Amino acid sequence: MHKIAVLTSGGDSPGMNAAIRSVVRTCAYMNVECMAIYRGYQGMIEGDFVAMNARSVNNIINKGGTILKSARCEDFKTPEGRKKAHEQLVQAGISGFVVIGGDGSFTGATIFNKEYDFPVIGIPGTIDNDIFGTRYTLGFDTALNTVVDAIDKIRDTASSHNRLFFVEVMGRDVGHIALNAGVAAGAEEILIPEENLGLDRLLESLRRSKKTGKSSSIVVVAEGDKTGKNVFELKEYVEEHLPIYDVRVSVLGHMQRGGPPSAFDRVLASRMGVKAVEALIAGKTNLMVGIIDNEIVLTPIAEAIKGHTKIDRELVRVSDIMTI
Ligand code: ADP
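For what it's worth, my numbering labels the leading residue of the sequence shown as -2, then goes sequentially.
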């Protein structure tokens, strides 16, 4: 392995820069050349490559987003697009790449690997924590802390006005951010896709809260929750069926994807980057780096994209007890 490339692809997440830094510095340490690919697979197709050395990644470990930019690229979904990408990689003398991204980016990588027998290793970078083969994805911990911080602030205003807030958080089809943030921020109810408790139970819980003397409440709603109602419809529903509350909605949105990565994400990114480069140099391919029981491990990409890390049932129980 003479020259390794690194790219970020799909949705960005805090910690991607720390992972880029780790890949670049590990290459320098191992005396392997390193190229950055800008703008994900789009940049791969267009040959948007820049040679990196250990100093190219100074002062980025603390920065959110990705210095390499991320992009979505429809062309890479076509054999013609991938052919162009392959030609660019070969022309630049690149013999393997590390892709930092989510399941879409990994799907592209594994298809490319099969077509051209080209070595690829994935690093899971997404705030949603929705990838199998790792307990934590890069950016999840940072996003979680951002959400908890935001809910703390919402709670201040909620309690000043005796209001009920529905706070919508990201997570696509999984409730990891919602469940963990809900427990950490002391939410009264947490609505996650993995568990549909039904609207009756929500009303019952809110009624009980009011009766037991709570004057304000926070309900955390995962964006993919299965009540069949979005946060604005939930507000209307509660106003109609439980007119004792003054209800407000807060959709946290893209702020959840930004900000300096947490210490946890920086350490995780550094560990994953080292493992990714070592794996490529050892001739391994089509694998994703993950963390399980605090060990950095490799899982076939095909498995990683098939499923999600399951929601923590023990935490669901804890949450139920805390919302008594
Ligand atoms: P994420 O990696 O965050 O899940 P996307 O799902 O948008 O983000 O995927 C990122 C990119 O990965 C896409 O824009 C595309 O270039 C590539 N990709 C996704 N799915 C495929 C696929 N089935 N075949 C080839 N490339 C894909």
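Cβ atoms here follow ideal geometry from the backbone N, Cα and C, with glycine treated the same way. Remember, it's a predicted structure, so these values are computed and weren't measured experimentally.
When the Cα of L196 is compared with those of S214, A33 and H238, which residue comes out closest? Shortest Cα-Cα distance from L196 to any of S214, A33 and H238 involves H238.
With burial defined as no fewer than 16 other Cβ atoms inside 10 Å of the residue's Cβ, what is the status of R310: buried or exposed? Under this definition R310 is an exposed residue.
Taking D146 as the reference, which of A155, A178 and D125 has the closest Cα? A178
Determine whether the Cβ of D9 lies closer than 8 Å to any Cβ atom of chain C. The chain inventory of the structure shown lacks chain C, comprising one protein chain alone.
Starting from S356, follow the beta strand (DSSP E) in both directions and report where the run begins and ends. In the structure as shown, the chain starts at -2 and stops at 321, and residue 356 therefore has no counterpart that could be examined.
Classify N291 as buried or exposed, calling it buried when 16 or more other Cβ atoms lie within 10 Å of its own Cβ. With fewer than 16 other Cβ atoms within 10 Å, it is exposed.
What is the chain-ordered set of residues for which the beta carbon lies under 6 Å from any non-hydrogen atom of the ligand ADP? S6, G7, G8, Y38, R69, C70, F73, K74, G98, G99, D100, G101, S102, T104, G105, I108 and T123
Apply the 10 Å Cβ neighbour rule to R18 and answer buried if 16 or more other Cβ atoms are within range, or exposed otherwise. buried
Classification of A301 by the beta-carbon crowding that lies within 10 angstroms, buried from 16 upward: Here A301 is buried, its C-beta having at least 16 other C-beta atoms within 10 Å.
Does DSSP put I241 in a helix, in a strand, or in coil? coil
Considering just the uninterrupted stretch of the alpha helix (DSSP H) at K80, what are its terminal residues? P76 to Q88 is the span of the alpha helix (DSSP H), which, as asked, contains K80.
Neighbour-count burial assignment, H173, 16 or more Cβ in a 10 Å radius: buried
What residue range is occupied by the uninterrupted alpha helix (DSSP H) comprising M269? A260 to I278
What residue range does the alpha helix (DSSP H) around R22 cover? M13 to Y26
Using a Cβ distance threshold of 8 Å, determine whether the segment 4 to 21 contacts the segment 48 to 68, with at least three qualifying pairs required. yes
Report back the beta-carbon spacing between L161 and V235 to the nearest angstrom; my notes put them in contact at under 8 Å. Indeed they touch by this definition, with Cβ atoms about 7 Å apart.
Three or more C-beta pairs under 8 Å: does that hold for the segment 126 to 137 against the segment 268 to 286? yes
Where does A182 fall in DSSP's three states? coil
As a quick exercise: from G210, K232, T5 and G287, pick the residue whose alpha carbon is nearest that of V218. K232
When you compare only the Cα positions, how much space is there between K0 and G221? 41 Å
Going by C-alpha to C-alpha distance, which of T107, I42 and A260 sits closest to F115? T107
Let's see if you can read the secondary structure: which residues bound the beta strand (DSSP E) around F46? F46 to M49
Would you call N50 buried or exposed, if buried means 16 or more other Cβ atoms sit within 10 Å of its Cβ? exposed
Secondary structure at R52, three-state DSSP: helix, strand or coil? helix
A68 - DSSP class collapsed to helix/strand/coil: Three-state result, A68: coil.
Residue burial classification, R79 (beta-carbon count within 10 angstroms, cutoff 16): buried
Would DSSP call E112 helix, strand or coil? helix
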